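A.B. asks: Just so you know, the sequences run in chain order A and B. Sequential numbering from 1 applies to the first sequence in my numbering. Sequential numbering from 291 applies to the second sequence in my numbering. For glycine and all other residues, C-beta sits at the position ideal for the given N, C-alpha and C. These numbers were taken from a predicted model, which means no experiment stands behind them.
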Amino acid sequence: MLANLINGISLGSVYAIIALGYTMVYGIAKMLNFAHGDVIMVGGYVAFCSITYLGWPPVLAVLASVVVCTMLGILIEGLAYKPLRNATSLAVLITAIGVSYFLQNAALLIWTSNTKVFPNIFANLPSLKLGGTQVAPVTLITVFANIVIMIVLTLFTTKTKMGKAMRAVSEDKGAATLMGINVNRTISVTFAIGSGLAAIAGVLLCTAYPTLMPTTGAMPGIKAFTAAVFGGIGSIPGAMLGGILLGVIEIFGKAYISTQLSDAIVFAVLIIVLLVKPTGLLGHKVNEKV
Amino acid sequence: MDKIRNLKKSTKAAFLNYGIVLLFFIVVQILANGGHLTNSFKGQLIPIVSYVIMALALNLVVGISGELSLGHAGFMSVGAFSGVIASMTMAGSVGNGGLRLLIAIVIGALLAGLAGVIIGIPVLRLNGDYLAIVTLAFGEIIKNVMNCLYVGVDGAGLHMSFKDTASLNMAADGKVLINGPMGATGVTKLSTFTGGILLLLVVLIVIQNLVNSRTGRAIMAIRDNRIAAEASGVPITKHKLIAFVTSAAIAGAAGALYALNYSTIAPKKFDFNTSILILVFVVLGGIGNMTGSIIAAALLTVLPELLRKFADYRMLIYAIVLILVMIATNNEKVRVFMRGLGKKGKDAEVKEEAANE
Chain A
1 MLANLINGIS
11 LGSVYAIIAL
21 GYTMVYGIAK
31 MLNFAHGDVI
41 MVGGYVAFCS
51 ITYLGWPPVL
61 AVLASVVVCT
71 MLGILIEGLA
81 YKPLRNATSL
91 AVLITAIGVS
101 YFLQNAALLI
111 WTSNTKVFPN
121 IFANLPSLKL
131 GGTQVAPVTL
141 ITVFANIVIM
151 IVLTLFTTKT
161 KMGKAMRAVS
171 EDKGAATLMG
181 INVNRTISVT
191 FAIGSGLAAI
201 AGVLLCTAYP
211 TLMPTTGAMP
221 GIKAFTAAVF
231 GGIGSIPGAM
241 LGGILLGVIE
251 IFGKAYISTQ
261 LSDAIVFAVL
271 IIVLLVKPTG
281 LLGHKVNEKV
Chain B
291 MDKIRNLKKS
301 TKAAFLNYGI
311 VLLFFIVVQI
321 LANGGHLTNS
331 FKGQLIPIVS
341 YVIMALALNL
351 VVGISGELSL
361 GHAGFMSVGA
371 FSGVIASMTM
381 AGSVGNGGLR
391 LLIAIVIGAL
401 LAGLAGVIIG
411 IPVLRLNGDY
421 LAIVTLAFGE
431 IIKNVMNCLY
441 VGVDGAGLHM
451 SFKDTASLNM
461 AADGKVLING
471 PMGATGVTKL
481 STFTGGILLL
491 LVVLIVIQNL
501 VNSRTGRAIM
511 AIRDNRIAAE
521 ASGVPITKHK
531 LIAFVTSAAI
541 AGAAGALYAL
551 NYSTIAPKKF
561 DFNTSILILV
571 FVVLGGIGNM
581 TGSIIAAALL
591 TVLPELLRKF
601 ADYRMLIYAI
611 VLILVMIATN
621 NEKVRVFMRG
631 LGKKGKDAEV
641 KEEAANE
């Protein structure tokens, strides 16, 4: 029971970190960035290569992965999404899918379809005993990283100038432009932060579930997107709450109901929540004015 | 001649679509009789027709009703497996393959339509991106449930289980029809190209008559302005549901046609990627444009085959082409540039498509 809860929170923390990227991008650019899951995969591969082939220490590998993904995020935004700033949301969605195909197939060409086994980067850290259950160091670090990211992001969006600009853009793009906020740069920074977080999530995910393939990011990406919607898309605490709840539901579903049906259970809970509260747990309802 | 000229614009467009389908059928028949078709292309004919039907079905929801559905492969899956079960259980009683195909398609369409009602009633209360994510969730649920579904048949009738083949409790002569993640195995291939084209024509008649009817106009009115339509006395949920369920039933028919073209079919074939693939057909063909859907679905199904000489790079090229086409057709600057060259934005897309070949 306790072990399942801990596993659920750990998996949920990974979902939460990914969901933050989804939710921030959606809040500001109003787009469903389906390529986000594949940025996670790239993050995983970069860390894998710098540890296995270059022999770098894990800390440096994580840093490299964050830097690469941040740059990748800015590059994707600038090349693919920026020209479509005023296009319909469906056009942007299809472009995001194109980017997702591109990243998956580029990864397929570079790293082939063979499964890579991700090294356990926290192997020499001691594990913790909690009420008779062993807690792996990766679990602790994931939860800890999640809390730190949450605090830093909250401070960033409430205290710094760029963070305030982000909130302003997400509230009203037109008014923000008139107030002298550089909307394009704000969106780029949002993508950079989201992709950097995706890199961290990628490393944590691959350490906990050590198989790495070009399609590794796809399913966690969809689940994290679900988590973001679950908590109310556009809301940072919502992404956190949604992610953790989703992780716990998934692990408990696997343990007590059915291993094969766990995904169906997760999505069924999402549907029920959305039917009761159509904007997610912590989302705000915007009334339509005529 | 005058009669043709005086036809309504929508009628002309409808006849254009029937013409395209018939032309495609005749050209394929002539080529096949002359022995000019490669085997790989022959194998693609039924998938092409199935995907064209899927694209038409999705276009009804995305283009005409204006709701984004990311789970249409789920309906295809329901149609596929119910069609397979129907055709296999009838193997003894109905001898004629064509009739069995027809019954399988009808049953596939009915069950997928039923799934459409069950999913549509809660889903259509939501709006925009939330609706999209719920359809995605339903698509994943259908895939997941199909992955755990075991169906068998014996003298006493159909047996179903969500555990394994042993728990089906069948008599000794029982036959497993659907085997969990392995899907349906040993399916008798019933689908024919002619059958597919006939189904496609029926689907076109249904969709085009629906779109150009009073109901169709009401559906489009809701798409263009929900509040204004509601104020004018158009029942919102009813009309959205009509479009959604019709689309689901058509997708089910396409699924049955698709599944009966293969001897084995696994549930994971109908996943999120398939839903997205069909959405790409619809968007590239032009949202709400049925002719565009037909051409885009047919071309893009063949495209990976045509790009075969690029081997590993073909999906990469596909991705780049997809992004470039979206930017070329949606970016204001590119449009202005094209107009400067004396061309309309639409020509650019046609050129891109031609360049793909």
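Could you work out which residues of chain B lie near Y15 (chain A), taking near to mean beta carbons separated by less than 7 Å?
C.D. replies: Chain B residues near Y15 (chain A): none, gap ~15 Å exceeds 7 Å.
A.B. asks: Does the CB of I648 (chain B) have a neighbour CB from chain A at under 9 Å?
C.D. replies: Residue numbering for chain B in the displayed model covers 291 to 647; residue 648 (chain B) lies beyond these limits and cannot be assessed.
A.B. asks: Helix, strand or coil: which one does DSSP assign to S451 (chain B)?
C.D. replies: If DSSP states are grouped into helix, strand and coil, S451 (chain B) belongs with the strands.
A.B. asks: Going by other Cβ atoms of all chains shown within 10 Å of its Cβ, with 16 needed for buried, is G221 (chain A) buried or exposed?
C.D. replies: Label assigned to G221 (chain A): buried.
A.B. asks: At the 9 Å Cβ level, is L282 (chain A) part of the contact set with chain B, yes or no?
C.D. replies: Not closer than 9 Å to any Cβ of chain B, the Cβ of L282 (chain A) fails to qualify, so no.
A.B. asks: Please state whether the Cβ-Cβ distance between L348 (chain B) and S340 (chain B) is less than 9 Å.
C.D. replies: Their beta carbons are not under 9 Å apart, which means L348 (chain B) does not touch S340 (chain B) by this criterion.
A.B. asks: Evaluate the contact criterion for the stretch 443-462 of chain B versus the stretch 231-241 of chain A: three or more CB pairs, one atom per stretch, below 8 Å.
C.D. replies: Contact fails: fewer than three Cβ-Cβ distances are below 8 Å.
A.B. asks: Going by Cα to Cα distance, which pick from A:V66, A:S89, A:L204 is closest to F122 (chain A)?
C.D. replies: Of A:V66, A:S89, A:L204, the residue nearest in Cα terms is A:L204.
A.B. asks: With the cut-off set at 9 Å, would you say L93 (chain A) and I577 (chain B) are in Cβ contact?
C.D. replies: Their beta carbons are not under 9 Å apart, which means L93 (chain A) does not touch I577 (chain B) by this criterion.
A.B. asks: Using a Cβ cut-off of 7 Å, pull out every chain A residue sitting near F562 (chain B), in sequence order please.
C.D. replies: I222, listed in chain order.
A.B. asks: Return yes when the Cβ of I233 (chain A) is within less than 9 Å of the Cβ of G73 (chain A), no when it is not.
C.D. replies: Result no, Cβ atoms of G73 (chain A) and I233 (chain A) do not sit closer than 9 Å.
A.B. asks: Just by C-beta distance, which residues in the stretch 263-276 of chain A are closer than 8 Å to chain D?
C.D. replies: Of the chains in the structure shown, none is chain D; the protein chains are A and B.
A.B. asks: Between I431 (chain B) and A19 (chain A), how many whole angstroms is the CB-CB distance? I'm expecting something under 8 Å.
C.D. replies: Actually they do not touch by this definition, with Cβ atoms about 20 Å apart.
A.B. asks: Going by DSSP, name the residue or residues bridged to A419 (chain B).
C.D. replies: In the sequence as presented, Ala is not what sits at residue 419 (chain B); that position holds Asp. Paired residue(s): none; D419 (chain B) is not in a bridge.
A.B. asks: Could you give the residue range of the alpha helix (DSSP H) that holds G43 (chain A)?
C.D. replies: First-last of the alpha helix (DSSP H) with G43 (chain A): 36-52.
A.B. asks: Ignoring anything shorter than 4 residues or poking outside the stretch 128-195 of chain A, list the alpha helix (DSSP H) runs there in chain order.
C.D. replies: Runs found: 137-159, 161-171, 173-178.
A.B. asks: By the three-class DSSP mapping on this structure, what secondary structure does L360 (chain B) have?
C.D. replies: Looking at L360 (chain B) - three-state DSSP - the assignment turns out to be coil, as it is neither helix nor strand.
A.B. asks: Please list, in chain order, all residues of the same chain as I526 (chain B) whose beta carbon is under 8 Å from its beta carbon, the five residues on each side excluded.
C.D. replies: Here the set comprises I512, R516, A519, E520.
A.B. asks: Go through its chain and collect everything with a Cβ distance to S50 (chain A)'s Cβ below 6 Å, but skip five positions before and after it.
C.D. replies: Within the same chain, S50 (chain A) has close Cβ partners W56, A61, A64.
A.B. asks: Taking DSSP's pairing of strands, which residues face Y440 (chain B) in a bridge?
C.D. replies: Bridge partners of Y440 (chain B): B:S451, B:N469.
A.B. asks: Given a threshold of 16 other Cβ atoms within 10 Å of its Cβ, counted over all protein chains shown, does L178 (chain A) qualify as buried or as exposed?
C.D. replies: Exposed is the call here.
A.B. asks: Assuming G373 (chain B) and S565 (chain B) make a contact with CB atoms under 8 Å, what is their CB distance in whole Å?
C.D. replies: Rounded, the Cβ-Cβ distance is 19 Å, inconsistent with contact.
A.B. asks: Take E595 (chain B) and list the residues in its own chain whose beta-carbon comes closer than 8 Å to its own, dropping the five residues that flank it on each side.
C.D. replies: Excluding positions up to five away in sequence, the list reads S330, F331, Q334.
A.B. asks: What is the DSSP secondary structure of T581 (chain B), reduced to helix, strand or coil?
C.D. replies: T581 (chain B) falls in the helix class under three-state DSSP.
A.B. asks: Buried or exposed for N246 (chain B), please, with buried defined as at least 16 other CB atoms from any protein chain shown within 10 angstroms of its CB.
C.D. replies: Residue 246 (chain B) is absent from the model: chain B starts at 291 and stops at 647.
A.B. asks: Listed from N- to C-terminal order along the chain, which residues in the stretch 443-460 of chain B have their beta-carbon within a distance smaller than 7 Å of any beta-carbon of chain A?
C.D. replies: Those residues of the stretch 443-460 of chain B that come within reach of chain A (Cβ to Cβ, closer than 7 Å) do not exist; the list is empty.
A.B. asks: Sort A:Y209, A:M166, A:A198 by Cα distance to S188 (chain A) and report the nearest one.
C.D. replies: Nearest of A:Y209, A:M166, A:A198 to S188 (chain A), Cα basis: A:M166.
A.B. asks: Drop a sphere of 10 angstroms on the beta-carbon of P557 (chain B), count the other beta-carbons inside from all chains shown, and report buried for 16 or more, exposed for fewer.
C.D. replies: Its Cβ being crowded by 16 or more others within 10 Å, P557 (chain B) is buried.
A.B. asks: Does any residue of chain B bring its CB to less than 9 Å from the CB of N105 (chain A)?
C.D. replies: So, interface residue.
A.B. asks: Scan the stretch 137-162 of chain A for residues whose Cβ lies nearer than 9 Å to a Cβ of chain B and list them as they occur along the chain.
C.D. replies: Result list empty, no residue passes.
A.B. asks: Verify the CB distance criterion: does Q134 (chain A) have a CB-CB separation below 9 Å to chain B?
C.D. replies: So no, Q134 (chain A) is outside the interface.
A.B. asks: Can you list, in chain order, the residues of the stretch 596-611 of chain B whose Cβ is nearer than 7 Å to any Cβ on chain A?
C.D. replies: Against chain A - using a Cβ distance shorter than 7 Å - the residues of the stretch 596-611 of chain B are D602, M605, L606, Y608, A609, I610.
A.B. asks: Three-state secondary structure (DSSP) at L414 (chain B)?
C.D. replies: Coil.
A.B. asks: Using a Cβ cut-off of 9 Å, pull out every chain A residue sitting near V570 (chain B), in sequence order please.
C.D. replies: Those within 9 Å of V570 (chain B) in chain A are I94, I97, G98.
A.B. asks: Let me check one thing: in DSSP terms, what residues is K116 (chain A) bridge-paired to?
C.D. replies: Looking at the DSSP assignment, K116 (chain A) forms a beta bridge with A:L212.
A.B. asks: CB-CB under 6 Å to G284 (chain B), same chain, minus the five flanking residues each way: which ones, in chain order?
C.D. replies: With chain B covering only 291 through 647, there is no way to say anything about residue 284 (chain B).
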